[in-house]
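Inspection log for the structure reproduced underneath, given as structure tokens.
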Amino acid sequence: MPIPESSRAEVAQLRQELNEHNHLYYVLDAPVITDQAYDRLLRRLQQLETEYPELVSADSPTQRVGSEPASHFETVAHEVPMLSLDNAFDDEELLAFDRRLRDRLERDSALDYCAEPKLDGLAISLLYEAGDLVRAATRGDGRSGENITANARTIASIPLRLLGRNPPRRLEVRGEVYMDLEGFDALNRSQREAGGKVFANPRNAAAGSLRLLDSRITASRPLTFCSYGTGLCEGVELPGSQFRQMQYLRDIGIPVSRQIELLDSIEDCLDYHQRILERRDSLPFDIDGVVFKLDNTQWQREAGFVSRAPRWAIAYKFPAQEVMTRLLDVDFQVGRTGALTPVARLEPVAVGGVMVSNATLHNMDEIERKDVRIGDVVIVRRAGDVIPEVVAPVLQQREGRLKRPRMPARCPVCDSEVLQQPGQAAYRCVGGLVCAAQRKEAIKHYASRKALDIEGLGDKLVEQMVEQGMIDSIADLYHLSLEQLSGLERMAEKSARNLLDALEQSKQTTLARFIFALGIREVGEATAEALAGYFGNIEAVMDADEEALQQVEDVGPVVAGNIRHFFDQENNRDIVEKILLQGVNWPQQDATQQQQVQTLEGKTYVITGTLEGLSRDQAARLLKACGARVSGSVSAKTTAVISGDKPGSKVARAEELGVEILDQAGFERLLGDRE
Ligand code: IVH
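Residue numbers for the sequence shown follow this note's numbering, so the first one is 62 and each next one is one higher.
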């Protein structure tokens, strides 16, 4: 069947659009459509290509899924060798590099440098011919590497075709393939679940993923590419500035570092090094330093090379993020949900410029898998904002028989039993709120930024308050007095006052934050948000059965069970009730309730006596949800007194003032009317 012209045109149009969106996303970091909209375009293209297989082309955005496994990698000779870099470890060494370079070039004035972070991945070369990606190779020994074209083609940030109408005849783009920290964590998590290989760091994960013979597996790995230079170049005159060359690459669709800068002296390079070092922990990927390259490419050629490194470029390294130290002991920390986490006590050591003496060992399965023993020399890694972790023991340095860490049979904090739930890696203390550690953690969590965000209520303070018996649960927070607080260590009256204010302020919150703050096992922010959106009020969440809970997005049987279990504890229900009585509240969410807000706005009610089927507090909340004020005493301004069974003197007072009195039926009508 002939291919309709309209389909041919649509395919071309879709490819162009998808390529443009790729460029916007990966190179310019400025996507203009959502991921879903992108997927829709991609699916439409796939559909057309399935219908008309003759239209499939190697550079189609659909061709990133990998292909049949290869038996080995072919060798590729690099026509222009891939060099390595000299290192500087302090300011003096960097200044000496600049002096040497100026001497050689016989220049007195300051040199311009192109600066960018040194990504911690592995170097590759991409060859484009007439705009098409025709070959990708690893650096290898610099003279020849391995042909990894099939794998490179699966990396979404590597363009299969360059942008622009006049692509160079041949252009070799060089850069680093790496894995960002989020992708690395996700990969290790799924590898662990599947019982597969767990990688020690993102660099190893990137190297391992790129060198797989089955490119279909590479396609599933979160690899990224960022270019830092060119090699072979034919049929185009590249700019004579390193920085402008990189801008040219960006223009033709190649990702380039977002942190790239053109600096006009070595002093500015010192400053750049400092600035990037300060940002290191907040970058989403590992870097091990910054690289400075002489900007003028004519002068680069004049400066030349020594052995295998250019004289015109240098890496100013950062402190290592992986170091060795001795594991002195393993303690067990009790978390909010009672889970016992093994914590490594280390001989103090600087990691990435920060002193570290504790690191996580995750759980017992991890300890076993890594075969870590007390007394081992271990590799400790600290990257990004995360807690340092023990990566592995250094087996060559193990001497004699060393003890394996063991999970205690009883909780180190409250001496309750420690049990392992069937099918779960975690061991838990069964003490619940009897356990001071769990109480402390629950309170810290409630006060944390993403929960009720109580400023000034730090971890140390919570620990002191629990240890001194001032608070037992989150509900007690709202009973704290100025005297009590001022009596605490390192607590001036001013800070005590501020904390009371912060507690008061925290009462205005959102339902989602409140649900999250309760610290129900496996109910994170997103789940809390979904629960709040679905149920609209806390009572409904508290009373929902597991089936109803599972109607909420992302809530499966386990989480539903956790929520049910939490609210089945009388103690937890009590705590929620007490907190609400203290005035913690949130705006109502759904449209009908928005409507209610208006209906009773400006009105004031007093509730007295016992209402059937709901507490005074619940009644008050219903009224407040409609915008009403609820007061404790009757005045001429009171709109009505709601009088249940056995009312007190308030009814008499209302009669005296001529204020309307509503009985249960009247109250129900009032609430009914607003709907
Ligand atoms: S330039 C002629 N720039 O570091 C200069 N390398 O230690 C050749 N690397 O093999 C390299 N980020 O794998 C350069 N911005 C950057 C880099 C970078 C990471 C890696 C690359 C290279 C190694 C040299």
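Just so it is clear, CB atoms sit at the ideal spot from N, CA and C, and this is done for glycine as well. Predicted model, so just to flag it, every value in this text is computed and none were measured.
Taking 8 Å as the cut-off, does the CB of residue i come closer than this to any heavy atom belonging to the ligand IVH?
i, result
"Leu188", "no"
"Glu237", "yes"
"Tyr289", "yes"
"Ser145", "yes"
"Asp181", "yes"
"Ser281", "no"
"Glu177", "yes"
"Ala512", "no"
"Lys464", "no"
"Arg200", "yes"
"Ser318", "yes"
"Val137", "no"
"Pro263", "no"
"Pro300", "no"
"Pro371", "yes"
Would residue i be called buried (16 or more neighbouring beta carbons within 10 Å of its own) or exposed?
i, result
"Leu187", "buried"
"Ile576", "buried"
"Glu233", "buried"
"Glu502", "buried"
"Met240", "buried"
"Lys698", "exposed"
"Glu717", "exposed"
"Gly674", "exposed"
"Val720", "buried"
"Leu522", "buried"
"Gln655", "Bear in mind that the predicted position of Gln655 carries a pLDDT of just 44, short of 50, making it unreliable; the figure below should be weighed with that in mind. So Gln655 ends up on the exposed side."
"Gly709", "exposed"
"Arg282", "buried"
"Glu110", "buried"
"Pro345", "exposed"
"Ala73", "exposed"
Tell me residue i's beta-bridge partners as DSSP assigns them.
i, result
"Met385", "Ile440"
"Asn646", "Gln569"
"Glu295", "Arg231"
"Glu417", "The sequence shown places Val at residue 417, rather than the Glu named in the question. Answer by DSSP bridge pairing, in chain order: Val410."
"Pro371", "Phe366"
"Leu284", "Met240"
Helix, strand or coil for residue i? Go by DSSP, reduced to three states.
i, result
"Lys258", "coil"
"Ile428", "helix"
"Asp16", "This structure leaves residue 16 out entirely; the chain is present only between 62 and 736."
"Glu135", "coil"
"Asp392", "strand"
"Gly719", "coil"
"Gln725", "helix"
"Gly127", "coil"
"Asn598", "coil"
"Val691", "strand"
"Pro403", "strand"
"Met526", "helix"
"Arg489", "strand"
"Ser542", "coil"
"Arg462", "coil"
Determine the extent of the beta strand (DSSP E) in which residue i is found, giving its start and end residues.
i, result
"Lys179", "174-180"
"Asp193", "193-199"
"Gly206", "205-207"
"Leu223", "Per DSSP, Leu223 belongs to no beta strand (DSSP E) and is neither H nor E."
"Ile624", "Here Ile624 belongs to no beta strand (DSSP E); instead the alpha helix (DSSP H) covers 618-629."
"Lys378", "374-378"
"Thr669", "665-669"
"Lys354", "348-355"
"Ser218", "No beta strand (DSSP E) holds Ser218; DSSP gives it neither H nor E."
"Glu450", "450-454"
"Val702", "701-704"
"Leu324", "322-324"
Examine the ligand FAD and report whether any of its heavy atoms sits within less than 8 Å of the Cβ of residue i.
i, result
"Val523", "This structure simply doesn't include the ligand FAD; it includes the ligand IVH instead."
How would you write the range of the alpha helix (DSSP H) that residue i sits in, first residue to last?
i, result
"Ala91", "It is not in any alpha helix (DSSP H) - Ala91 carries neither H nor E in the DSSP assignment."
"Asp96", "96-112"
"Cys330", "327-340"
"Gln481", "Not the alpha helix (DSSP H): Gln481 falls in the beta strand (DSSP E), residues 479-481."
"Thr279", "276-280"
"Ala267", "263-271"
"Glu502", "497-508"
"Leu155", "152-166"
Can you check whether the C-beta of residue i is within less than 9 Å of a C-beta belonging to chain C?
i, result
"Asp432", "Of the chains in the structure shown, none is chain C; there is only one protein chain."
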